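Chains as they are written, first to last, in full-length UniProt numbering: chain A, 1 to 459; chain B, 1 to 323.
Read through the structure below, which is laid out as structure tokens, and then see the notes.
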Amino acid sequence: MSEGYYEHSNGNGTTNGTYGEGRSNAASPNGDSLHNSRAISPSGYPVKTEPGLNGNANAGSVQAQQPARKKLASWVGFSNLPNQVHRRSVRRGFQFVAMVVGESGLGKSTLINTLFETKLYQPKNVPAPGEDREIEENGVRLKLTVVDTPGFGDFVNNDESWKPIVDNIEARFDAYLEQENRVNRLKLVDNRVHACIYFIQPTGHSLKPIDIEFMRRLHTKVNLIPVIAKADTMTDDEIVLFKQRILSDIAHHGIRIFQPPQYENEDEETIQENEEIISKVPFAVVGSDTLVNSPDGRQVRGRAYPWGVIEVDNEDHCDFVKLRQMLVRTHMEELREHTNDVLYENYRTDKLKAMGVSQDETVFKETNPAAKQAEERALHEAKLAKMEAEMKMVFQQKVQEKEAKLKQSEEELYLRHREMKDALEKQRQELEDKKRRIESGRPLTPEKGSQKKRFGLGK
Amino acid sequence: MATSMVSSQPEEISAASYVGFDSITRQIEHKLLKRGFQFNVMVVGQTGLGKSTLINTLFASHLIDSKGRIEPDIQPRQTTEIHALSHVIVENGVRLKLNIIDTPGYGDNVNNEGCWDPIVKYIKDQHSAYLRKELTAMRDRHIPDTRIHCCLFFINPTGHTLKPIDIAVLRKLAEVVNVVPVIAKSDSLTLEERAIFKQRVMAELQYNQIRLFPFDADELDEEELQLNDRIKEMLPFAVVGSERSVIIDGKPVRGRKNRWGVINVEDERHCEFIYLRNFLTRTHLQDLIETTAQIHYESFRSKQLLALKESSAKAQQATAVST
Numbered sequence: 001m002s003e004g005y006y007e008h009s010n011g012n013g014t015t016n017g018t019y020g021e022g023r024s025n026a027a028s029p030n031g032d033s034l035h036n037s038r039a040i041s042p043s044g045y046p047v048k049t050e051p052g053l054n055g056n057a058n059a060g061s062v063q064a065q066q067p068a069r070k071k072l073a074s075w076v077g078f079s080n081l082p083n084q085v086h087r088r089s090v091r092r093g094f095q096f097v098a099m100v101v102g103e104s105g106l107g108k109s110t111l112i113n114t115l116f117e118t119k120l121y122q123p124k125n126v127p128a129p130g131e132d133r134e135i136e137e138n139g140v141r142l143k144l145t146v147v148d149t150p151g152f153g154d155f156v157n158n159d160e161s162w163k164p165i166v167d168n169i170e171a172r173f174d175a176y177l178e179q180e181n182r183v184n185r186l187k188l189v190d191n192r193v194h195a196c197i198y199f200i201q202p203t204g205h206s207l208k209p210i211d212i213e214f215m216r217r218l219h220t221k222v223n224l225i226p227v228i229a230k231a232d233t234m235t236d237d238e239i240v241l242f243k244q245r246i247l248s249d250i251a252h253h254g255i256r257i258f259q260p261p262q263y264e265n266e267d268e269e270t271i272q273e274n275e276e277i278i279s280k281v282p283f284a285v286v287g288s289d290t291l292v293n294s295p296d297g298r299q300v301r302g303r304a305y306p307w308g309v310i311e312v313d314n315e316d317h318c319d320f321v322k323l324r325q326m327l328v329r330t331h332m333e334e335l336r337e338h339t340n341d342v343l344y345e346n347y348r349t350d351k352l353k354a355m356g357v358s359q360d361e362t363v364f365k366e367t368n369p370a371a372k373q374a375e376e377r378a379l380h381e382a383k384l385a386k387m388e389a390e391m392k393m394v395f396q397q398k399v400q401e402k403e404a405k406l407k408q409s410e411e412e413l414y415l416r417h418r419e420m421k422d423a424l425e426k427q428r429q430e431l432e433d434k435k436r437r438i439e440s441g442r443p444l445t446p447e448k449g450s451q452k453k454r455f456g457l458g459k
Numbered sequence: 001m002a003t004s005m006v007s008s009q010p011e012e013i014s015a016a017s018y019v020g021f022d023s024i025t026r027q028i029e030h031k032l033l034k035r036g037f038q039f040n041v042m043v044v045g046q047t048g049l050g051k052s053t054l055i056n057t058l059f060a061s062h063l064i065d066s067k068g069r070i071e072p073d074i075q076p077r078q079t080t081e082i083h084a085l086s087h088v089i090v091e092n093g094v095r096l097k098l099n100i101i102d103t104p105g106y107g108d109n110v111n112n113e114g115c116w117d118p119i120v121k122y123i124k125d126q127h128s129a130y131l132r133k134e135l136t137a138m139r140d141r142h143i144p145d146t147r148i149h150c151c152l153f154f155i156n157p158t159g160h161t162l163k164p165i166d167i168a169v170l171r172k173l174a175e176v177v178n179v180v181p182v183i184a185k186s187d188s189l190t191l192e193e194r195a196i197f198k199q200r201v202m203a204e205l206q207y208n209q210i211r212l213f214p215f216d217a218d219e220l221d222e223e224e225l226q227l228n229d230r231i232k233e234m235l236p237f238a239v240v241g242s243e244r245s246v247i248i249d250g251k252p253v254r255g256r257k258n259r260w261g262v263i264n265v266e267d268e269r270h271c272e273f274i275y276l277r278n279f280l281t282r283t284h285l286q287d288l289i290e291t292t293a294q295i296h297y298e299s300f301r302s303k304q305l306l307a308l309k310e311s312s313a314k315a316q317q318a319t320a321v322s323t
């Protein structure tokens, strides 16, 4: 923490956002520009300012490149920001969800009790799922949830034994996604699994097929921390060889286990600590929640055998201390961050894409409601006009057709009329002929037309 | 006089002077020493429980190699590769022909259903080979005995109970072979945990009605019965195996060395390896061989012959019907 700070509010911005993020909306003189500031990383707090805070603001522009580093003329006081974040997060309390996976009898329950120095739950075969405990230390409250997975790998046929675990993790992601999409997001409860401790049986050879299968399915959904259980069965060289083989197995199958991230501007001590931790992965642990007497008379947490006493808290004996350091003391927040920023985001992207939601660009353009209405009206009218034109065309077409048809029938009628006229004319002629013949002299052949049918038209 | 005069128990009389037929034991011994003894032992258990190491420790020589998977790109082994390794150990002029049968890949896969079938089949195959050799008209004077005399079953030292796959396999195995259960890598259990674990294991075995060697028989005398009882109390043996020597009190003994302690494999207070070794080699070796021949082989044989008779009777019936 920075020394020599005092509360000095300058009107220069309050922090917004959760611990670890640092996007501050500075209340600068030009109110509507959004400045991007560097995230407050747990490592260092670089002293720099935004040009806007100094009075020369670029109204309405978003700083895309690195803001210029400037030195302050006098002490401003925003170096107190970490303390404000600290106070707020202490008030809110922390949440951590750890999942333990492994075959039964590998000491999962015992290790959890050893890690958190309390009897969180009794080691038996059926613990309740998702135990919630709140523990407190130095005023900092931690809501710890341990998700146990009883029965994993215990059956004869262990196909799909990871499925309930994967389902559980995804269900937690889904619950968080739903919370994010609510209208009122004030109370966000983070139940996502932040770390998954996987227990490896100390065979001394290499990973078993079920271990590899499980890790392959889960390394994209959760931070995997493999540990070698019951490490007091193995001698030191066996442990070293075993760890090498496990790591080569993991690399061979492309499994990504949790690596504590390295930052460039950390101090020497932290870097060294980190390197030590990384070198011991996977941790060879021994758990014990009982006190025993060590050979030199102390009371220690450990296991007493006829040939010696193994101390859990002794770094020479096992890697428990390193595991606890990584899990609780140094990297708990990293685990939570990684879950939130990487694992959860990947899951969310995949899920939304699968649901067919694509990135909608038009959402971000500025909309003027009047113009939009006029646009819509114009569109509508255009549509109507088009419909009208179409209908007219259809109408004309139909009219033409009808005309053509009528014409045709008219012609036909005329034709018939003429034909009939001709026929009548011919008949009249014949009749006249006959009449003359009859008047001139009687023909010998009686005409069939003796019965003179008078059908003359108009005669 | 149709009644026979043979009473049920012949009277014991002692001769007037020394006849000398008590040297028959020496004659038998001489014969047997020339022939040598044959012992076949099988180890069953998950990978990484220290089976090969324990065998090497038992017979104090490097007999089999550990078959763990060392490189990441090697596939885990299948149980179909059951092979027998033969060695001959000589001690004080006594030749022991040892056959060790390892069962790699048992319980290794994700889906282990039926992984015990190749094992049971192998055991039955040995019985059937022996039977066939016995039944041939011109059979050898001495049939080589490849029947499994003892099966060491390795239990994972979880501290809770047996796993379902263990119970399934034990049930199948106890019907065809002498099973001796052993708690592997018992240096991961403290003494109290070990006692509780043993109780639980034995309770489960009894509940599942799995018969373990040694069996009770009528012709055992008082001493042997006592010995058997003691063995039964100690089952399953909690063992630790080691081929390497460590220095304890200036003497090299076989053991394991850690930063916080040294385990002496041959120390009774550390583990029960000594008891197992005595049981297998010093007291019950002959018993194991005999029980295999008299109980397991006989039951197999009778089943086979009955089945043969039935099938031949059916065949005869069929031919009788057809003709």
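Just so it is clear, CB atoms sit at the ideal spot from N, CA and C, and this is done for glycine as well.
Only a predicted model underlies this, so the values are computations on that prediction, with no experimental measurement involved.
Close to Ile263 of chain B, with beta-carbon spacing below 7 angstroms, are these residues of chain A in chain order: Trp307. Residue B:Asn278 holds the alpha-carbon nearest to the alpha-carbon of Leu227 of chain B among B:Ala174, B:Leu98, B:Asn278 and B:Gly261.
Nearest CB-CB separation between Ile24 of chain B and chain A: not below the 7 angstroms threshold.
Put simply, the CB of Lys322 of chain A is far from chain B, with every gap to its CB atoms at 7 angstroms or more.
Contiguous alpha helix (DSSP H) elements confined to the region 138 to 201 of chain A occur at 163 to 180, taking only those with 4 or more residues.
Using a Cβ-Cβ distance cut-off of 8 angstroms, the region 212 to 219 of chain A and the region 227 to 244 of chain A are not in contact, since fewer than three pairs of beta carbons, one from each stretch, lie closer than that value.
With respect to the 7 angstroms criterion, Phe283 of chain A and Lys322 of chain A are classified as neighbours on the basis of their beta carbons. With fewer than 16 other beta carbons inside 10 angstroms of its own, Arg244 of chain B counts as exposed. Listed in chain order, the positions of the region 101 to 123 of chain B with a beta carbon within less than 7 angstroms of a beta carbon of chain A are Asp108, Asn109, Val110, Asn111, Asn112 and Glu113.
The beta carbon of Gly159 of chain B sits closer than 7 angstroms to the beta carbons of Leu189, Glu193 and Phe197 from its chain, once the five residues preceding and following it are set aside; these are given in chain order.
In its chain, beyond the 5 residues on either side, no residue has a beta carbon closer than 6 angstroms to the beta carbon of Gly297 of chain A. In the DSSP assignment, Glu268 of chain A falls within the alpha helix (DSSP H) that extends over Glu268 to Ser279. When CB distances to chain A are screened at a threshold of 8 angstroms, the residues of the region 163 to 191 of chain B falling below it are Lys163, Pro164, Ile165, Ala168, Lys185, Asp187, Ser188, Thr190 and Leu191, in chain order. Taking a Cβ-Cβ threshold of 9 angstroms, the residues of chain A close to Asn258 of chain B are Asp232, Met234, Thr235, Asp236, Trp307, Gly308, Ile310 and His317, in chain order. Excluding five sequence positions before and after Ser52 of chain B, the CB atoms of its chain that fall closer than 6 angstroms to its own CB belong to Ile64 and Ser66, given in chain order.
Just so you know, the alpha carbons of Ser248 of chain A and Arg133 of chain A end up roughly 37 angstroms apart. Here Ile169 of chain A has Val193, Lys221 and Val222 as same chain residues with Cβ atoms under 7 angstroms from its own Cβ, once five neighbours each way along the sequence are excluded. Comparing alpha carbon positions, the residue from A:Val100, A:Ser161 and A:Val90 closest to Asn138 of chain A is A:Val90. Linking Ala73 of chain A to Ser79 of chain A through their CA atoms gives a straight-line distance of about 15 angstroms.
Among the CB atoms of chain B, one or more fall inside 7 angstroms of the CB of Gly204 of chain A. Annotation: Asp102 of chain B is outside any alpha helix (DSSP H); the continuous beta strand (DSSP E) that includes it extends over Val94 to Asp102.
Under the Cβ distance rule, Asn157 of chain A counts among the residues neighbouring chain B, one pair being separated by less than 7 angstroms. Contacts with chain B (Cβ-Cβ distance below 8 angstroms) from the region 212 to 232 of chain A involve Glu213, Lys230 and Asp232, listed in chain order.
In this structure, the CA atom of Arg377 of chain A is about 28 angstroms from the CA atom of Gln396 of chain A. Asn109 of chain B and Glu160 of chain A have their alpha carbons spaced roughly 13 angstroms apart.
The alpha-carbon separation between Lys163 of chain A and Val147 of chain A amounts to approximately 15 angstroms. Pairwise C-beta distances place the region 169 to 182 of chain B in contact with the region 116 to 133 of chain B, as three or more of them are shorter than 8 angstroms. For Lys31 of chain B, the enclosing alpha helix (DSSP H) begins and ends at Ile24 to Arg35. Under the Cβ criterion of 7 angstroms, Arg200 of chain B is not counted among the residues facing chain A.
Sequence-distant Cβ neighbours of Arg336 of chain A in its own chain, meaning closer than 6 angstroms and more than five residues away, are His194.
As computed with DSSP, Gln38 of chain B is found in a beta bridge with B:Lys97. By the beta-carbon neighbour count (other beta carbons within 10 angstroms, threshold 16), Gly250 of chain B is exposed. Here Ala284 of chain A carries a strand assignment [DSSP, helix/strand/coil]. The beta carbon of Asp187 of chain B sits closer than 6 angstroms to the beta carbons of Val240 and Ile263 from its chain, once the five residues preceding and following it are set aside; these are given in chain order.
Not a single C-beta of chain B is nearer than 7 angstroms to the C-beta of Gly356 of chain A.
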